[in-house]
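Protein chains: 4
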Amino acid sequence: MSSSSIKPRPHYYTLRFSCPDSTGIVSRVSGFLAEHGGWILHASQHADEDNNRFFMRVEVKADSLPFPCAELRKRFAAIAQELQMDWQISDSAVRKRVVILVSRQEHCLYDLLERWRSRDLDVDIACVISNHESARSLVEWHGIDYHHVPVAADNKAQAYAEIEQLFAQSGGEAFVLARFMQILPPELCRKYLGRIINIHHSFLPSFVGARPYEQAYNHGVKLVGATCHYVTEELDQGPIIEQDVIRIGHGDTVKDLIRYGKDIEKAVLARGLRFHLEDRVLVNGNRTVVLR
Amino acid sequence: MSSSSIKPRPHYYTLRFSCPDSTGIVSRVSGFLAEHGGWILHASQHADEDNNRFFMRVEVKADSLPFPCAELRKRFAAIAQELQMDWQISDSAVRKRVVILVSRQEHCLYDLLERWRSRDLDVDIACVISNHESARSLVEWHGIDYHHVPVAADNKAQAYAEIEQLFAQSGGEAFVLARFMQILPPELCRKYLGRIINIHHSFLPSFVGARPYEQAYNHGVKLVGATCHYVTEELDQGPIIEQDVIRIGHGDTVKDLIRYGKDIEKAVLARGLRFHLEDRVLVNGNRTVVLR
Amino acid sequence: MSSSSIKPRPHYYTLRFSCPDSTGIVSRVSGFLAEHGGWILHASQHADEDNNRFFMRVEVKADSLPFPCAELRKRFAAIAQELQMDWQISDSAVRKRVVILVSRQEHCLYDLLERWRSRDLDVDIACVISNHESARSLVEWHGIDYHHVPVAADNKAQAYAEIEQLFAQSGGEAFVLARFMQILPPELCRKYLGRIINIHHSFLPSFVGARPYEQAYNHGVKLVGATCHYVTEELDQGPIIEQDVIRIGHGDTVKDLIRYGKDIEKAVLARGLRFHLEDRVLVNGNRTVVLR
Amino acid sequence: MSSSSIKPRPHYYTLRFSCPDSTGIVSRVSGFLAEHGGWILHASQHADEDNNRFFMRVEVKADSLPFPCAELRKRFAAIAQELQMDWQISDSAVRKRVVILVSRQEHCLYDLLERWRSRDLDVDIACVISNHESARSLVEWHGIDYHHVPVAADNKAQAYAEIEQLFAQSGGEAFVLARFMQILPPELCRKYLGRIINIHHSFLPSFVGARPYEQAYNHGVKLVGATCHYVTEELDQGPIIEQDVIRIGHGDTVKDLIRYGKDIEKAVLARGLRFHLEDRVLVNGNRTVVLR
Chain C
1 MSSSSIKPRP
11 HYYTLRFSCP
21 DSTGIVSRVS
31 GFLAEHGGWI
41 LHASQHADED
51 NNRFFMRVEV
61 KADSLPFPCA
71 ELRKRFAAIA
81 QELQMDWQIS
91 DSAVRKRVVI
101 LVSRQEHCLY
111 DLLERWRSRD
121 LDVDIACVIS
131 NHESARSLVE
141 WHGIDYHHVP
151 VAADNKAQAY
161 AEIEQLFAQS
171 GGEAFVLARF
181 MQILPPELCR
191 KYLGRIINIH
201 HSFLPSFVGA
211 RPYEQAYNHG
221 VKLVGATCHY
231 VTEELDQGPI
241 IEQDVIRIGH
251 GDTVKDLIRY
261 GKDIEKAVLA
271 RGLRFHLEDR
281 VLVNGNRTVV
291 LR
Chain Y
293 MSSSSIKPRP
303 HYYTLRFSCP
313 DSTGIVSRVS
323 GFLAEHGGWI
333 LHASQHADED
343 NNRFFMRVEV
353 KADSLPFPCA
363 ELRKRFAAIA
373 QELQMDWQIS
383 DSAVRKRVVI
393 LVSRQEHCLY
403 DLLERWRSRD
413 LDVDIACVIS
423 NHESARSLVE
433 WHGIDYHHVP
443 VAADNKAQAY
453 AEIEQLFAQS
463 GGEAFVLARF
473 MQILPPELCR
483 KYLGRIINIH
493 HSFLPSFVGA
503 RPYEQAYNHG
513 VKLVGATCHY
523 VTEELDQGPI
533 IEQDVIRIGH
543 GDTVKDLIRY
553 GKDIEKAVLA
563 RGLRFHLEDR
573 VLVNGNRTVV
583 LR
Chain D
585 MSSSSIKPRP
595 HYYTLRFSCP
605 DSTGIVSRVS
615 GFLAEHGGWI
625 LHASQHADED
635 NNRFFMRVEV
645 KADSLPFPCA
655 ELRKRFAAIA
665 QELQMDWQIS
675 DSAVRKRVVI
685 LVSRQEHCLY
695 DLLERWRSRD
705 LDVDIACVIS
715 NHESARSLVE
725 WHGIDYHHVP
735 VAADNKAQAY
745 AEIEQLFAQS
755 GGEAFVLARF
765 MQILPPELCR
775 KYLGRIINIH
785 HSFLPSFVGA
795 RPYEQAYNHG
805 VKLVGATCHY
815 VTEELDQGPI
825 IEQDVIRIGH
835 GDTVKDLIRY
845 GKDIEKAVLA
855 RGLRFHLEDR
865 VLVNGNRTVV
875 LR
Chain F
877 MSSSSIKPRP
887 HYYTLRFSCP
897 DSTGIVSRVS
907 GFLAEHGGWI
917 LHASQHADED
927 NNRFFMRVEV
937 KADSLPFPCA
947 ELRKRFAAIA
957 QELQMDWQIS
967 DSAVRKRVVI
977 LVSRQEHCLY
987 DLLERWRSRD
997 LDVDIACVIS
1007 NHESARSLVE
1017 WHGIDYHHVP
1027 VAADNKAQAY
1037 AEIEQLFAQS
1047 GGEAFVLARF
1057 MQILPPELCR
1067 KYLGRIINIH
1077 HSFLPSFVGA
1087 RPYEQAYNHG
1097 VKLVGATCHY
1107 VTEELDQGPI
1117 IEQDVIRIGH
1127 GDTVKDLIRY
1137 GKDIEKAVLA
1147 RGLRFHLEDR
1157 VLVNGNRTVV
1167 LR
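Chains as they are written, first to last, in the numbering used here: chain C, 1 to 292; chain Y, 293 to 584; chain D, 585 to 876; chain F, 877 to 1168.
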């Protein structure tokens, strides 16, 4: 191996889109890039034959193009319009900002903080919002703003208005629900569709709702899992980004299941979030296309 | 490693039981065995603290005892009665007999036939019963009896009476439903409780009933699985013996899911059946204890 | 889900190639296809930044092109030459033919025969060759030719000459070593580079050579695995196509490891062979690119 | 489920031992416990037929015995001596103390700190020792002592003397090497045999020594793993406690492998350490018995 496989990745733009399928899409997009000298670092495609929709993601080396990202967007817009694309171009030099929502359980928060601190996850954490005070000191030690927004039965509208305002002020691109044990209001789910990432502590669609590990225990399943998904109005039903499971045994109590589950929750949330940050997740109805 | 780790296992008896938990059970059982010189090859226990029930499985070297299996059963019966055990003693020299039920799909059948032929699975296949003729030649090539029992809406009672008779005549200990695509009548399920082993082609409790791979596809899950369980009256709800999953991707069609699933079905059914044949599975309400 | 996701796949051609990386390759290839109305069903690419090599695989709908496969090959040859491609175009209507080599152990053979018989694996089995007679009747029951070619210390040259002749006569595209317990002569490995698929019963590079399960047992590993790879002159060192592992425990003997391992061997060989048959595996030095 | 399955575990003693195998060991031990009213919460055994050695672990409810732990130890000593046991009795009320050694990489440290803080892992962290200053503030924020002990080519003896002194002063029971990138001196390995737990960033015995992920990349393996083991004098060759793997693809660089690997390292170290803390790991030559 040359030393290049551990060198830092170059500056690049990521184009991703979906559109009605037809002949010549790849040719059109790659032709446009080639015309301007665009060097494709990576590309992947998917055609959904059921609904005749085409999905594509391309990484183009920034300095192979003779113009900046804004100009690329402007020029690509014409093709996008013509092919009726749902599209986006992001710049690897502009780190995405997320707002983390958390309750009392800290395992996912710790995990994200470590990945952020070690630069393992290429993200800015705009702030952490919690309905408890308990994680303040930990978060602030990391130099990240912490906002305590109590959520009670009688102040929900106000609480979520505050959360939304904090999100807007901080320039957040997405919410990460790192075991936030509150149900978001439907209008928030609609407004930020595809931008609220949740970790659910079961292998959905099994064990929707509360106390999934107790449900799993009672069913006598031999594996427990976790699911990272985009939040929609319907509880625990949004498009699944990533899932995984871990083996348990008859000797494990509910407490043991919870403990095993934490490891899976951390890993699955981190993987799902990474896919989101790297512009790999394209929503396809109630399913996702995750382009590697 | 000495060569002993690949030598054949010695002749042994397997005692397994469950009973109300109390002080001194292990002592009582192991004391009884020690008294007669019984050499314990392997033992495992489980105490369910929720329902205060104790589960144990012991392998005793046959020639360490001064009497045959029948006498062991007779002598142990007194302890079993006193401790209110649900118990069983089996003899490794007496191979268990199963009856396989199958429909058109042959992957699980092939898999079991190979394991039987290579002696990898220590079992006698009394016969194969199918509601189709398609597997006859394959089964008969293996020197195993094949019975075609058509199951239609208007002959169910008669068909299952015939199946039960074939089972009785063949000295079967258990039914193995190797992708038998028919729902057994409730009275059969009750009569052979804990002796009908099914493979369901989903990770239960997700996707109960028909076409689980289509259900999985529609939910956009990222893993599909299979479940080996004892059949009860309630469809796909019996105590789970074993489960496993395999990763799928957005590019996989329902046909691909079915294909991936087959590999998991084969492996899970074979593992679950082995646990059953080795007297490792003790039913605990609607859950199982699988003593290794 | 519309019913389309379970409909049979259309007739298509698969183009795959690798070449020195540069700007405009995707554009060139997709432009060529678009020019003739070629409908891309699926495409995937990989750029190896270490050795500056580009890999691509495209599936094109056959009836979207105005000419047959031979003409496609002819026309594409010009581009291929210009871009210094190592390339191939295959036709989904032409089933690949393989020759299976096997010794005494039949688990992988059974598994492949079932996949072949159920059309789960889209392959023709030209014949089965073995250094034992034991599997003849099983293979012949499937209507497949069986050749017994004894391999002994003093007849190796002659035996492999016979095997090669059988392969040539049968129109085989690839050899599948389904637990063939003989070491192939170096000249055979060289001649059929990338066309001899082996399953090795360990997670390579651990436990090269003989008795890997005993080696695994002695090392006290907690997982055992299997490796599907192309055979090269250097024993068990060829490019890895696929691998997997399974968990074992301290209570498992070497015999148990062998038994667990069989399940992994079957699954890994079947997956690796499928990747090969679907033209997904491109060799990249001593590594493989498996384009999904 | 009654609420009991999530109630805290009762106070208990854990007896574990290995000894030459013979008739009556289980009876002798369980008889001794029953004699004093000892309630067995959990028990497991293993007989190694290769070297004729027996392994057992029993959890006994503390308040079912009429005497304290010290007296239990005293009374059991007679049996232990007679049966030539290598044995130990621990008290669930006495939390084990460990000393963590770490270098620059913090992912395992973060993971352990979170498990410690949330009481998910029942352990006292006596202190953290590092050959760098970088983690001081993080550790001290948790209220745990941090010692910077530089280890250089010319001060090794002195550095390890200091480390050993810190360990002794802190009352540590075991060392946890949470990615400590230094090779311990042989005499330290010998002195604390079975009490130094390391996480190695490969699926041993593959990729011993430095830069295992680069080695894995160069071999083109399809899975990478991690190994938790007791440290012995021979580098990366000590008895394996736990292992796991994760799937990688041809598109992953060495940097990606390192990142995937971190998740496995964290999980495997945490599981291995838990087994150690719960007195489940019994060394058997160069292998381990992990009694569940």
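Backbone N, C-alpha and C fix where the C-beta goes; we use that ideal spot for every residue, glycine too. As the structure is a prediction and not an experimental result, all values here were calculated from the model.
**OP:** Check whether the Cβ atoms of C/Val99 and C/Cys69 lie closer than 9 Å to each other.
**Re:** Numbered from its first residue, the first sequence carries residue 99 of chain C at position 99. Numbered from its first residue, the first sequence carries residue 69 of chain C at position 69. Against a cut-off of 9 Å, the Cβ pair of C/Cys69 and C/Val99 comes out as no contact.
Subject >> beta strand (DSSP E) runs wholly inside the region 650-692 of chain D, at least 3 long, in chain order >> reply: 670-675, 680-686
Original post:
Nearest CA to the CA of C/Pro8: which residue from C/Leu204, C/Asp122, C/Val29?
Top reply: Your numbering for residue 8 of chain C matches position 8 in the first sequence. If we check each option's Cα against that of C/Pro8, C/Asp122 comes out closest.
Original post:
Does the Cβ of C/Ser4 have 16 or more other Cβ atoms within 10 Å, making it buried, or fewer, making it exposed?
Top reply: Locating residue 4 of chain C in the first sequence gives position 4, where the first residue counts as 1. For C/Ser4, the predicted model reports a pLDDT of 44, less than 50, meaning its position is unreliable; a value from the coordinates is still stated below. So C/Ser4 counts as exposed.
**OP:** Work out the CA separation of D/Arg720 and Y/Tyr402 for me, nearest whole Å.
**Re:** Sequence index remark: in the second sequence, residue 402 of chain Y carries index 110 (1-based). Sequence index remark: in the third sequence, residue 720 of chain D carries index 136 (1-based). Computed Cα separation, rounded: 17 Å.
**OP:** Please work out which residues of its chain come closer than 6 Å, Cβ to Cβ, to C/Ser202, disregarding the five sequence neighbours upstream and downstream, and give them in chain order.
**Re:** Locating residue 202 of chain C in the first sequence gives position 202, where the first residue counts as 1. Around C/Ser202: Pro212.
Original post:
How is D/Ile848 classed by DSSP in three states: helix, strand or coil?
Top reply: Indexing the third sequence from 1 puts residue 848 of chain D at position 264. Reduced to three states, the DSSP call for D/Ile848 is helix.
Original post:
Assuming C/Gly251 contacts Y/His338 under a Cβ cut-off of 8 Å, what Cβ separation, rounded to an integer in Å, is found between them?
Top reply: Taking the first residue of the first sequence as position 1, residue 251 of chain C is located at position 251. Taking the first residue of the second sequence as position 1, residue 338 of chain Y is located at position 46. Sure, about 6 Å apart at Cβ, within 8 Å.
Original post:
Any beta-carbon of chain D closer than 9 Å to the one on C/Val149?
Top reply: Start at 1 with the first residue of the first sequence, and residue 149 of chain C comes out as number 149. So, not an interface residue.
Subject >> At least 3 beta-carbon pairs within less than 8 Å: the region 56-68 of chain C vs the region 655-666 of chain D >> reply: no
Original post:
Hey, out of Y/Gly530, Y/Glu525, Y/Leu515, whose CA is closest to C/Ile240's CA?
Top reply: Mapped onto the first sequence, residue 240 of chain C falls at position 240. The shortest C-alpha separation from C/Ile240 is found at Y/Leu515.
Original post:
Does any residue of chain C bring its CB to less than 9 Å from the CB of D/Trp671?
Top reply: Here residue 671 of chain D is taken as the residue at index 87 of the third sequence, counted from 1. Taking Cβ atoms only, chain C never reaches closer than 9 Å to D/Trp671, which makes this a no.
Subject >> Helix, strand or coil at D/Ser588 according to DSSP, with G and I counted as helix >> reply: For the purposes of this step, residue 588 of chain D is taken as the residue at position 4 of the third sequence. With a pLDDT of only 44 at D/Ser588, under the threshold of 50, the placement of this residue in the model should not be trusted; the figure read from the coordinates follows. D/Ser588: helix per DSSP, three-state reduction.
Subject >> Neighbouring residues, chain F, relative to C/His11 (Cβ below 9 Å) >> reply: Here residue 11 of chain C corresponds to residue number 11 of the first sequence, with the count starting at 1. Near C/His11 there are no residues of chain F at all, since even the closest Cβ is about 16 Å away, more than 9 Å.
Original post:
List, in order along the chain, the chain Y residues whose C-beta lies closer than 7 Å to that of D/His691?
Top reply: The residue given as residue 691 of chain D occupies position 107 in the third sequence. By Cβ distance, chain Y contributes Glu406, Ser410.
Original post:
What first and last residue would you give for the beta strand (DSSP E) that runs through D/Ile825?
Top reply: As a first step, residue 825 of chain D must be located in the third sequence, where it is residue number 241. Residues 824-831.
**OP:** Grab me the residues of C/Phe207's own chain with a C-beta within less than 7 Å of its C-beta, minus the 5 sequence neighbours each way, in chain order.
**Re:** Mapped onto the first sequence, residue 207 of chain C falls at position 207. Excluding positions up to five away in sequence, the list reads Gln215, Ala216.
Original post:
According to the Cβ coordinates, are D/Leu819 and D/Ile767 closer than 9 Å?
Top reply: As a working mapping, residue 819 of chain D is identified with position 235 in the third sequence. As a working mapping, residue 767 of chain D is identified with position 183 in the third sequence. It is a contact, given that the beta carbons lie within the stated cut-off.
**OP:** Just tell me which of Y/Ser422, Y/Leu549, Y/Pro442, Y/Ala354 has its CA closest to the CA of Y/Thr306.
**Re:** One-based indexing of the second sequence puts residue 306 of chain Y at position 14. Measuring from the Cα of Y/Thr306, the nearest candidate turns out to be Y/Ala354.
**OP:** Evaluate F/Ser898 with the Cβ neighbour count: other Cβ atoms within 10 Å of its Cβ, from every protein chain shown; 16 or more gives buried, anything less gives exposed.
**Re:** If you number the fourth sequence from 1, residue 898 of chain F lands on position 22. Under this definition F/Ser898 is an exposed residue.
Subject >> F/Asn1094 - DSSP class collapsed to helix/strand/coil >> reply: Here residue 1094 of chain F is taken as the residue at index 218 of the fourth sequence, counted from 1. DSSP places F/Asn1094 in helix when its eight states are reduced to three.
Original post:
With a cut-off of 9 Å, does the C-beta of C/Glu49 fall near any C-beta of chain Y?
Top reply: Locating residue 49 of chain C in the first sequence gives position 49, counting from the first residue. Yes - at least one Cβ of chain Y is within 9 Å of the one on C/Glu49.
**OP:** Answer yes if the region 900-919 of chain F comes into contact with the region 861-871 of chain D, meaning at least three C-beta pairs across the two stretches below 8 Å, and no otherwise.
**Re:** no
Original post:
Can you find a CB in chain F that lies within less than 9 Å of the CB of C/Ala226?
Top reply: By one-based count along the first sequence, residue 226 of chain C stands at place 226. Not closer than 9 Å to any Cβ of chain F, the Cβ of C/Ala226 fails to qualify, so no.
**OP:** Determine the DSSP secondary structure at Y/Leu515, reduced to helix, strand or coil.
**Re:** As a working note, residue 515 of chain Y is residue 223 in the second sequence. In the structure shown, Y/Leu515 sits in a strand (DSSP, three-state: E or B).
Original post:
Would a check of beta-carbon distances place C/Val26 closer than 9 Å to chain D?
Top reply: Walking along the first sequence from the start, residue 26 of chain C turns up at place 26. Taking Cβ atoms only, chain D reaches closer than 9 Å to C/Val26, which makes this a yes.
Subject >> Proximal residues of chain E, C-beta to C-beta of D/Ile624 below 7 Å >> reply: Annotation note: the requested chain E is absent from the structure, which comprises protein chains C, Y, D and F.
**OP:** Along the alpha helix (DSSP H) that carries D/Pro770, what are the first and last residues, could you check?
**Re:** To locate residue 770 of chain D, count along the third sequence from 1; it is residue 186. 770-775 is the span of the alpha helix (DSSP H), which, as asked, contains D/Pro770.
Original post:
Nearest chain F C-beta to C/Gly249 closer than 9 Å, yes or no?
Top reply: The sequence position of residue 249 of chain C within the first sequence is 249, counting from 1. With 9 Å as the cut-off, C/Gly249 counts as an interface residue toward chain F.
Original post:
On the three-state DSSP scale, how would you describe C/Gln165?
Top reply: One-based indexing of the first sequence puts residue 165 of chain C at position 165. C/Gln165 falls in the helix class under three-state DSSP.
**OP:** Kindly say whether D/Thr872, judged by its beta-carbon, lies nearer than 9 Å to any beta-carbon of chain C.
**Re:** On the third sequence, position 288 is the one that residue 872 of chain D refers to. Taking Cβ atoms only, chain C never reaches closer than 9 Å to D/Thr872, which makes this a no.
Original post:
Per DSSP, F/Gln921 is paired with what?
Top reply: Position 45 of the fourth sequence, counting from 1, holds the residue named residue 921 of chain F. Bridge partners of F/Gln921: F/Met932.
Subject >> Residue from D/Arg779, D/Asp704, D/Lys658 whose Cα sits closest to the Cα of D/Val865 >> reply: As a position in the third sequence, residue 865 of chain D is number 281, starting the count at 1. Here the closest residue by C-alpha is D/Arg779.
Original post:
Exposed or buried, F/Val1130, counting other C-beta atoms within 10 Å across all chains shown (16 or more means buried)?
Top reply: Residue mapping note: residue 1130 of chain F aligns to position 254 of the fourth sequence, counting from 1. Counting Cβ neighbours within 10 Å, F/Val1130 comes out buried, since at least 16 surround it.
**OP:** Note the first and the last residue of the continuous beta strand (DSSP E) segment covering Y/Phe309.
**Re:** Against the second sequence, residue 309 of chain Y aligns to sequence position 17. It spans 304-312 - the beta strand (DSSP E) in which Y/Phe309 sits, taken as one unbroken run.
**OP:** Have a look at F/Leu909 and Y/Ile381 and give me their C-alpha separation to the nearest angstrom.
**Re:** Taking the first residue of the fourth sequence as 1, we reach residue 909 of chain F at position 33. Taking the first residue of the second sequence as 1, we reach residue 381 of chain Y at position 89. Their backbone Cα atoms lie some 26 Å apart in a straight line.
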